[in-house]
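Shown next, in structure tokens, is the structure this report addresses.
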Amino acid sequence: MVRFASSHVVPFDNERPSSQSYAFLTMSDTIWYQIIIVWLHLVGATFWVGGMLFLSLVAAPLVRRGSGEVREWFVHLARRFRSWVWGAVVVLVGTGSFLLTRHVSWAVSPFQWPGIVQAKLGMVIVLLGLSIIHDRVVGPRVREIARKDRSMWTPCERTLLRLSPWLARMTLVSGLVILFLGIALARL
């Protein structure tokens, strides 16, 4: 038999099950709530970062080689994704706040929290800032510029078009760093 720290017993396949054989049947409601919160947090993170990976590694390269119709498809896809992402952000902030209480005390100054918690929260703030700038400022401006004839683009607009993909890449890298820090935090 295998014993866990919680003293629940899980049998190997060749052992006869008893009434306490399956740990998940005897876990308290509190543990189930924690599992559900972690699951929701992981689903939100998977959706956000997975969507960014899909858009940057699969969809964006097609747009660069595609026609105007492909670009319109991408804009529609990105807008639809954006509305779902902000829902995922709400889930992540809510579940993240709950999960944070497992590592820190709200009575203690955030400057006294463990460094990894500070780093993760700092990166979350960076990611949210980059996402807001991308979705509310740069993205709409790039779409507006792209509708104009290329000969009418100003040097500033050309620079914005050239640099805007880097903003999306920075949000992706920030999301991946947050995932890494989250895994490290869960293992402490």
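Using the numbering used here, the first residue of the sequence shown is number 4, and each one after it goes up by one.
Glycine is no exception: its CB is placed at the ideal position from the N, C-alpha and C atoms.
Nearest candidate by alpha-carbon position, reference residue i, set the options
i	options	result
Ala-189	Gly-90, Pro-64, Asp-32 and Gly-99	Gly-99
Met-126	His-137, Val-180 and Arg-150	Val-180
Arg-139	Ala-149, Arg-82 and Trp-51	Arg-82
Trp-34	Gly-69, Trp-76, Arg-105 and Ser-70	This sequence places Ile at residue 34; Trp is not what is there. Selected option, being the one with the closest Cα: Arg-105.
Asp-152	Leu-124, Val-78 and Gly-71	Gly-71
Same chain, Cβ closer than 7 Å to residue i, neighbours up to 5 away in sequence not counted
i	result
Leu-80	Ala-62
Leu-43	Val-94 and Thr-98
Ala-122	Leu-184
Glu-160	Ile-148
Beta-carbon proximity of residue i to residue j, cut-off 9 Å
i	j	result
Met-173	Leu-131	no
Val-73	Leu-65	yes
Val-107	Val-96	no
Leu-163	Val-176	no
Ile-128	Leu-170	no
Ala-48	Gly-142	no
Leu-102	Ile-40	yes
Residues near residue i by beta carbon distance below 8 Å, same chain, minus five either side
i	result
Arg-168	The sequence as given places Pro at residue 168; Arg does not occur at that position. Within the same chain, Pro-168 has close Cβ partners Ala-63.
Trp-51	Val-88, Ala-91, Val-92, Leu-95 and Gly-178
Own chain, CB closer than 6 Å to residue i, minus 5 neighbours either side, in chain order
i	result
Val-93	none
Ser-10	With a pLDDT of only 45 at Ser-10, under 50, the local geometry of the prediction cannot be trusted, and the value read off the model is given with reservation. Within the same chain, Ser-10 has no close Cβ partners at all.
Leu-191	none
Element boundaries [alpha helix (DSSP H), containing residue i]
i	result
Thr-174	158-189
Pro-143	142-150
Ile-39	32-57
Met-126	118-135
Gly-97	71-103
Val-61	Where Val-61 is concerned, there is no enclosing alpha helix (DSSP H), given that its DSSP letter is neither H nor E.
Stretch pair the region 170-186 + the region 106-117: three plus CB contacts closer than 8 Å: Contact fails between the region 170-186 and the region 106-117, because fewer than three Cβ pairs, one in each stretch, are under 8 Å apart.
Segment contact flag, the region 40-59 with the region 85-95, C-beta cutoff 8 Å, min 3 pairs: yes
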